[in-house]
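Scroll down for the structure; my scribbles are underneath it.
Number of protein chains: 2
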Amino acid sequence: MKFLIQRDRLIQSVQDVMRAVSSRTTIPILTGIKIVAANDGVTFTGSDSDVSIESFIPKEEDGDELVEIKELGSIVLQAKFFSEIVKKLPMDTVEIEVLNQFQTVIRSGKSEFNLIGLDPDEYPHLPQISEDNILKIPTDILKTLIRQTVFAVSTLETRPILTGVNCKVENGKLYCIATDSHRLAMRTAAIDTQSEETYNIVIPGKSLNELNKILDDTNEPVEIVITENQVLFRTKHLLFLSRLLEGSYPDTSRLIPNESKTEITINTKEFLQAIDRASLLAREGRNPNVVKLTTIGSGLVEISSNTPEVGKVVEQVQSQAIDGEELKISFSAKYMMDALKALEGLEIRVNFSGAMRPFVIHPVNDESILQLILPVRTY
Amino acid sequence: MKFLIQRDRLIQSVQDVMRAVSSRTTIPILTGIKIVAANDGVTFTGSDSDVSIESFIPKEEDGDELVEIKELGSIVLQAKFFSEIVKKLPMDTVEIEVLNQFQTVIRSGKSEFNLIGLDPDEYPHLPQISEDNILKIPTDILKTLIRQTVFAVSTLETRPILTGVNCKVENGKLYCIATDSHRLAMRTAAIDTQSEETYNIVIPGKSLNELNKILDDTNEPVEIVITENQVLFRTKHLLFLSRLLEGSYPDTSRLIPNESKTEITINTKEFLQAIDRASLLAREGRNPNVVKLTTIGSGLVEISSNTPEVGKVVEQVQSQAIDGEELKISFSAKYMMDALKALEGLEIRVNFSGAMRPFVIHPVNDESILQLILPVRTY
Numbered sequence: 001m002k003f004l005i006q007r008d009r010l011i012q013s014v015q016d017v018m019r020a021v022s023s024r025t026t027i028p029i030l031t032g033i034k035i036v037a038a039n040d041g042v043t044f045t046g047s048d049s050d051v052s053i054e055s056f057i058p059k060e061e062d063g064d065e066l067v068e069i070k071e072l073g074s075i076v077l078q079a080k081f082f083s084e085i086v087k088k089l090p091m092d093t094v095e096i097e098v099l100n101q102f103q104t105v106i107r108s109g110k111s112e113f114n115l116i117g118l119d120p121d122e123y124p125h126l127p128q129i130s131e132d133n134i135l136k137i138p139t140d141i142l143k144t145l146i147r148q149t150v151f152a153v154s155t156l157e158t159r160p161i162l163t164g165v166n167c168k169v170e171n172g173k174l175y176c177i178a179t180d181s182h183r184l185a186m187r188t189a190a191i192d193t194q195s196e197e198t199y200n201i202v203i204p205g206k207s208l209n210e211l212n213k214i215l216d217d218t219n220e221p222v223e224i225v226i227t228e229n230q231v232l233f234r235t236k237h238l239l240f241l242s243r244l245l246e247g248s249y250p251d252t253s254r255l256i257p258n259e260s261k262t263e264i265t266i267n268t269k270e271f272l273q274a275i276d277r278a279s280l281l282a283r284e285g286r287n288p289n290v291v292k293l294t295t296i297g298s299g300l301v302e303i304s305s306n307t308p309e310v311g312k313v314v315e316q317v318q319s320q321a322i323d324g325e326e327l328k329i330s331f332s333a334k335y336m337m338d339a340l341k342a343l344e345g346l347e348i349r350v351n352f353s354g355a356m357r358p359f360v361i362h363p364v365n366d367e368s369i370l371q372l373i374l375p376v377r378t379y
Numbered sequence: 001m002k003f004l005i006q007r008d009r010l011i012q013s014v015q016d017v018m019r020a021v022s023s024r025t026t027i028p029i030l031t032g033i034k035i036v037a038a039n040d041g042v043t044f045t046g047s048d049s050d051v052s053i054e055s056f057i058p059k060e061e062d063g064d065e066l067v068e069i070k071e072l073g074s075i076v077l078q079a080k081f082f083s084e085i086v087k088k089l090p091m092d093t094v095e096i097e098v099l100n101q102f103q104t105v106i107r108s109g110k111s112e113f114n115l116i117g118l119d120p121d122e123y124p125h126l127p128q129i130s131e132d133n134i135l136k137i138p139t140d141i142l143k144t145l146i147r148q149t150v151f152a153v154s155t156l157e158t159r160p161i162l163t164g165v166n167c168k169v170e171n172g173k174l175y176c177i178a179t180d181s182h183r184l185a186m187r188t189a190a191i192d193t194q195s196e197e198t199y200n201i202v203i204p205g206k207s208l209n210e211l212n213k214i215l216d217d218t219n220e221p222v223e224i225v226i227t228e229n230q231v232l233f234r235t236k237h238l239l240f241l242s243r244l245l246e247g248s249y250p251d252t253s254r255l256i257p258n259e260s261k262t263e264i265t266i267n268t269k270e271f272l273q274a275i276d277r278a279s280l281l282a283r284e285g286r287n288p289n290v291v292k293l294t295t296i297g298s299g300l301v302e303i304s305s306n307t308p309e310v311g312k313v314v315e316q317v318q319s320q321a322i323d324g325e326e327l328k329i330s331f332s333a334k335y336m337m338d339a340l341k342a343l344e345g346l347e348i349r350v351n352f353s354g355a356m357r358p359f360v361i362h363p364v365n366d367e368s369i370l371q372l373i374l375p376v377r378t379y
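Keeping their order, the protein sequence lines are chains U and A.
Quick note on full-length UniProt numbering: the first sequence kicks off at 1 and runs consecutively.
Quick note on full-length UniProt numbering: the second sequence kicks off at 1 and runs consecutively.
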């Protein structure tokens, strides 16, 4: 194997596939990055066996020569060293050559690295995905869906299924739902599908976080292929494969209240900042991180918290409208701030159905996203 | 106590004095920030009893009203909460008022915090410094002196005196020296003094790091007062007091070689980057982080490292000149990179007196700064 490659593209590809490489793997070959030089370009692969990422650099793009293949072949190089080296090479062009016995030379300017590589035949093959039905969604919308739901997955391993995001495809719509059983985030978007097939899968939150980081913020489509135990995301030069979580996701539709006894319409930023301030004194004590919301008439909402040893904070926020019953309710400031940050739009609508019942937050005039929070009993 | 204050100035002062506050103190009152409202302005104090920082905000500056004093007085507020609160207040102006029993109200816009304060009479008084001799040095030069030496202090507590920077004042000059016994950094600068008095003190490296962070990069003078066990730094509105390390600093002048057998003149950045790259493969193995330098004729310097399990790297750097004997020497890449980053100037001169002897690095044509490194025996 021998090729010349543009350093900037090399750095980007290595950085992307590194997201799948774990230093804690029990399979030694997976501490490496696989490099394959073919006639049409070079492919880099990283994997921790749960997530695999492939990045392809074509020989040519938009008239620019990115790679000059001098000899076909493949190698696996220690990811930790290889990724550090490419970042610090002195020149814009890099030559990578495999000598005998997997010994690999990386040359750039007057700098020459000799790395002891690993046998590429030992690197596991990515599973073959049968591409019967390809779903398509714009990349930026997929990124938004991930951002608006994935923060709500459980971080505890007590119920592993809740560490994933439940993704359902039905009637041309993609539903993403995440809950840690104290709060829930749901977002719906249109998805392009060629068949009537429905899907109901659970993708690990960790995989979606990594996927979100390597996807560019464009409106180019991402292709999605779902199989029984894997999901594949594909863009122009990237391929992201994740295993799915096994088991059935709880039916969350029953959790979402239909009725509303108090409805508050309020500016998102002002509400968020008031809760942020109130949470400053709510870190300790009997109810850590819990703030109280009270309707006090004239469209005013009072946000407060009280930790006897430290002090208390009270703040009034003018709402756009308060409809329905008076209300006193306590909830986690962190959950509320997470939910408000995930929402788009200047104004939100919060629907309460009593101090002990879950409440629901929507952007005003947007039903495609929903955040649900369970209150905390404090008195 | 009651006053109105500009939020931006309040945030800056609190942030500065917070650098002296430690959450691990055994003296409960020192977890707080002391606030004193006097006729001419407000003073904030933080201390961990080793370092004390005072920041003063005058009533008026350049025609702007910064503080409106409504009632004189003082209070101590929990630093952790107070510093978080001021950063998140909604309006440009903040009102701070002490009610009965140290209860303190912080108001800004519609936000109102009630903090349980501590008795200001329990806060230790800063030691009185007799100001017989005031030394003066421009702030930016003091910051450079700190930056160019403090990184070389020892981080081990086996010889506590080496965790400090040795500062000497003699004949209108300030000498700063730091060593961890494997490398040494020295910088000299002119200092303005009104007497013939000489000083030889050791300031904790930690104190100088904090001082460097709170000093602005101006050429306004810093006033320095040295006593038997304290040093005071003072700028317009800041006062920084540190205890000194006890014990005598080793005589480092003997360490610095007078002779030079090989002299290399080289571009600082090219040399630094080559060593950085060579160090990438030198992290593990028998000599962690050690790189080798070899003169190979034609003014070329070869930088290399070799870790059998991982691989090797070789790079040639063109020097401006190599004078004297041929040389093969190994040294810590980290120490060399620290030294090169601390130097000013495009070109450096390295003087070696043999593979087993300490070597010295200067900027070309600048004797006011010196970096010394002990080589590593590898063969």
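Backbone N, C-alpha and C define an ideal beta-carbon position, used for all residues, glycine too.
Just so it is clear, the structure is predicted and the values come from calculations on it, not from any experiment.
Query, Result
"The alpha helix (DSSP H) enclosing Lys80 (chain A), as first and last residue numbers", "79–87"
"Three-state secondary structure assigned by DSSP to Glu270 (chain A)", "helix"
"Which of helix, strand or coil DSSP assigns to Tyr249 (chain A)", "coil"
"Rounded separation between Met337 (chain U) and Glu112 (chain A) - CA only", "20 angstroms"
"Check whether Val314 (chain U) and Glu302 (chain U) have beta carbons under 8 angstroms apart", "yes"
"For Ile57 (chain A) and Gln194 (chain A), the rounded distance between their alpha carbons", "29 angstroms"
"Candidates A:Phe331, A:Gly345, A:Arg349, of which the one nearest Leu374 (chain A) by Cα", "A:Phe331"
"Meets three-Cβ-pair contact criterion under 8 angstroms: the segment 204–219 of chain U and the segment 137–156 of chain U", "yes"
"8 angstroms contact criterion, which Cys176 (chain U) and Leu145 (chain U) should meet: CB distance rounded", "5 angstroms"
"Residue span of the beta strand (DSSP E) that contains Ala282 (chain U), given as start and end", "Looking at the DSSP string, Ala282 (chain U) is not in any beta strand (DSSP E), and its letter there is neither H nor E."
"Proximity winner among A:Lys87, A:Glu71, A:Leu244, relative to Asn200 (chain A) (alpha-carbon distances)", "A:Leu244"
"Residues in the segment 75–91 of chain A having any Cβ partner in chain U nearer than 8 angstroms", "Gln78, Phe81, Glu84, Ile85, Lys88, Leu89, Pro90"
"Buried or exposed by the 16-neighbour rule on C-beta atoms within 10 Å, applied to Thr198 (chain A)", "exposed"
"Given Leu340 (chain A) as reference, the closest of A:Asn166, A:Ser319, A:Asp276, A:Pro358 once Cα atoms are compared", "A:Asp276"
"Residue-level contact to chain U via CB, Lys269 (chain A), 8 angstroms cutoff", "no"
"Beta-carbon neighbours of Arg277 (chain A), restricted to chain U and to distances below 7 angstroms", "Lys88, Ser111"
"N-terminal and C-terminal residue of the alpha helix (DSSP H) that Glu210 (chain U) is part of", "205–214"
"Within chain U, partners of Val290 (chain A) - CB distance below 7 angstroms", "Neighbours of Val290 (chain A) on chain U: none; closest Cβ ~16 angstroms, over 7 angstroms."
"8 angstroms CB neighbourhood of Gly63 (chain U) in its chain, flanking five on each side removed", "none"
"Inter-residue Cα distance where the pair is Leu142 (chain A) and Ser83 (chain A)", "28 angstroms"
"Per DSSP, the bridge partner or partners of Gly297 (chain U)", "BP columns for Gly297 (chain U) are empty, so no partner."
"Alpha-carbon to alpha-carbon, Ala79 (chain A) and Val360 (chain A)", "45 angstroms"
"Interface positions of the segment 305–335 of chain A facing chain U (Cβ-Cβ less than 8 angstroms), listed along the chain", "Glu309, Val310, Gly311, Lys312, Val313, Val314, Glu315, Gln316, Val317"
"Environment of Ala178 (chain A) [buried if 16+ CB atoms lie within 10 Å]", "buried"
"Chain-ordered neighbours of Ile116 (chain U) on chain A, where CB pairs are closer than 8 angstroms", "Glu309, Val310, Gly311"
"C-beta contact flag for Ser55 (chain A) and Leu232 (chain A) at 8 angstroms", "no"
"Which residues DSSP lists as bridging Gly32 (chain A), in chain order", "A:Gln78"
"Under 8 angstroms between C-beta atoms of Glu210 (chain A) and Ile266 (chain A)", "no"
"Runs of alpha helix (DSSP H) lying entirely within the segment 96–166 of chain U, each at least 4 residues, in chain order", "139–149"
"Reference Ile53 (chain A); option with closest CA among A:Glu246, A:Thr294, A:Arg7, A:Lys213", "A:Lys213"
"Start-to-end residues for the beta strand (DSSP E) that takes in Met186 (chain U)", "183–190"
"Three-way DSSP call (helix, strand, coil) for residue 380 (chain U) in this model", "Because chain U spans 1 through 379 in this model, residue 380 (chain U) falls outside it and cannot be assessed."
"CB of Gly117 (chain U) within 8 angstroms of CB of Ile69 (chain U), strictly", "no"
"Nearest candidate by alpha-carbon position, reference Phe44 (chain A), set A:Pro120, A:Ile264, A:Gln101, A:Tyr335", "A:Pro120"
"Where residue 440 (chain A) falls, given that 16 or more other Cβ within 10 Å makes a residue buried", "Since the first residue of chain A shown is 1 and the last is 379, residue 440 (chain A) is not available in this structure."
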